[in-house]
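First the structure, in the form of structure tokens, and then the observations on it.
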Amino acid sequence: MARKGERRGRAPCCEKEGLKRGAWTAAEDKKLVAYITKHGHTNWRNLPKQAGLLRCGKSCRLRWINYLRPDVKRGNFTKEEEDTIISLHSELGNKWSKIASYLPGRTDNEIKNLWHTHIKKKIARGSSSKQESYEIKPNQSIVLHEYNSTEELSSSQTLWREELNEGVMDFMMIPEEDEEYYNGLVYLESEIDLWGQMN
DNA sequence: AAACGCAACAACCGCAATTTG
DNA sequence: GCAAATTGCGGTTGTTGCGTT
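Sequential numbering of the first sequence, starting at 831, is according to this note's numbering.
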């Protein structure tokens, strides 16, 4: 991409001179959305100049991907989303963008924030006390300490079991529509054990 | 009401990976 | 194949708002 007459050597991540930093204003958001809606985003580096924004391309990209994209989902994470994140994190580690790809409308940044503010603590709580570990009852019920409740399993219920920390297991009932996905994971990741059909 | 501490989240930074000439 | 440009990712920091003292 080196063009004749352009500066050689690695460019700084953003040109600091005269460029705005910090929180985005509504007017800036509007400009960015209007520009991308009309022209798309083929070149983030040139985009701010062309859109009339005093921002670096990186800042524009981040703002668009995390907040302004029309398909970005806002609001609290559901229990199912949290469980999916925990499960995927145990498999993939801190691959936030990879994890985000399994959660439509959620961004890597959002998931990363959730992990550091909520889930990490939740798991730490789970490993800190034996009283918060999980157990299986012989009558095909599971005790969910997270909710202080006992759940009966239907005859065809699929249960996902996962080790969160040493000796601490997490259990999750899989909605019928997600069964195929979780069954697929068994072949990808042998350490994670599908509890199986309970009948 | 003010000061303080903490949690939540938006945004930045540095670097690796990928693309391009 | 190489070097430079660009993009994307993950770690980290800064800001804000809320609850507590």
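The beta-carbon is built from N, C-alpha and C at its ideal position, and this holds for glycine as well. Note that the structure is predicted; figures quoted are calculated from it, not measured.
- Per DSSP, the continuous alpha helix (DSSP H) segment holding Cys-890 begins and ends at 887-893.
- Around Trp-854, the same chain offers Arg-893 as residues with beta carbons nearer than 7 Å, after the five sequence neighbours per side are excluded.
- Restricting attention to Val-902, Leu-883, Val-863 and Ala-881, the CA atom closest to the CA of Leu-933 is found in Val-902.
- Rounded to whole angstroms, the Cβ separation of Lys-850 and Gly-882 is 12 Å, and the two are not in contact under 8 Å.
- Apart from the 5 residues on each side of it in sequence, Thr-937 sits with its Cβ closer than 8 Å to the Cβ of Ile-895, Asn-896, Val-902 and Ala-930 in its chain, given in chain order.
- Under the DSSP assignment, Ile-866 falls in the alpha helix (DSSP H) whose first and last residues are 856-869.
- Beyond the five residues adjoining it in sequence on each side, Leu-922 comes within less than 7 Å, by CB distance, of Lys-928 and Ile-929 in the same chain, given in chain order.
- Counting only runs of 4+ residues, the alpha helix (DSSP H) found wholly inside the stretch 891-930 occupies 909-922, in chain order.
- If you draw a straight line from the Cα of Asn-943 to the Cα of Phe-907, it is about 12 Å long.
- About 12 Å separates the beta carbons of Trp-926 and Ile-949, which is beyond the 8 Å limit, so they are not a contact pair.
- Under the DSSP assignment, Lys-879 falls in the alpha helix (DSSP H) whose first and last residues are 877-881.
- For Lys-850, no alpha helix (DSSP H) encloses it, and the DSSP letter there is neither H nor E.
- For Leu-944, the enclosing alpha helix (DSSP H) has its first and last residue at 938-944.
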